[in-house]
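A.B. asks: Going by our numbering, the sequence shown opens with residue -12, and the numbers climb by one from there.
Where a beta carbon is used, it is the ideal one built from N, C-alpha and C, also for glycine.
Got a structure for you, questions after.
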Amino acid sequence: MSVREATADDIPALIQMGLSMREESPRFRRFTPDFKQQEAVLLALIQSPEGLVLIGDGAMFVGHINTPLWYSDRVACEELLFVMPEKRGGPAAFRMIRWFERWAKGRGAVEVNTGITVAHHVDETSRLYRKMGYADAGVTFRKEL
């Protein structure tokens, strides 16, 4: 299957991939899945001109456009990129990131923000982003309560 924009019919498969991501992530494993919320958010992003959900090649990507609090410039934000373990090392992640960049530019975004928050495969994913021209922009911290 090639990469394409997701439709409402893809939501069950997207949720299943999200569960695989959750199981793999030391960070996300502790959170309780809310399937109704996942469905509602995915549907809203699929239907919004400001949202992008991609599926294909055993991978999924979710992103959106926003305007930061202090500026009028539009920024594209990646919410998640996940590739199933058996598909890693293939072209899916690269294709989805490039698709997102073209999509964002076409909507007037001046920057793409992405991150690695699953606390898993950080070095490999960082290498991919750097190879694609991304630069470190800071650090994300977290604290369990």
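Taking DSSP's pairing of strands, which residues face Arg61 in a bridge?
C.D. replies: As a first step, residue 61 must be located in the sequence shown, where it is residue number 74. Note: Arg61 sits in a beta bridge opposite Ala96.
A.B. asks: Among the residues of its own chain, which have a CB less than 7 angstroms from the CB of Ile33, if the five just before and after it don't count?
C.D. replies: Looking up residue 33 in the sequence shown gives position 46. The answer, listed in chain order, is Ala(-7), Thr(-6), Ala(-5), Val40.
A.B. asks: Can you round the beta-carbon distance between Phe48 and Phe87 to whole angstroms, since I take them to be within the 8 angstroms contact cut?
C.D. replies: Translated into positions along the sequence shown, residue 48 becomes position 61. Translated into positions along the sequence shown, residue 87 becomes position 100. Sure, about 6 angstroms apart at Cβ, within 8 angstroms.
A.B. asks: Whole alpha helix (DSSP H) runs in the segment 14 to 91 with 4 or more residues, listed along the chain?
C.D. replies: 22 to 34
A.B. asks: Can Ala65 and Val99 be called in contact, C-beta distance under 9 angstroms?
C.D. replies: In the sequence shown, counting from the first residue as 1, residue 65 sits at position 78. In the sequence shown, counting from the first residue as 1, residue 99 sits at position 112. Checking the sequence shown, residue 65 turns out to be Glu, not Ala. Closer than 9 angstroms, so yes.
A.B. asks: Using alpha carbons as the reference points, say which of Val62, Ala63, Asn53, Ala46 lies closest to Pro72.
C.D. replies: If you number the sequence shown from 1, residue 72 lands on position 85. Cα-wise, what sits closest to Pro72 is Ala46.
A.B. asks: Have a look at Gly120 and Gln24 and give me their C-alpha separation to the nearest angstrom.
C.D. replies: Sequence index remark: in the sequence shown, residue 120 carries index 133 (1-based). Sequence index remark: in the sequence shown, residue 24 carries index 37 (1-based). Answer to the nearest angstrom: the Cα atoms are 34 angstroms apart.
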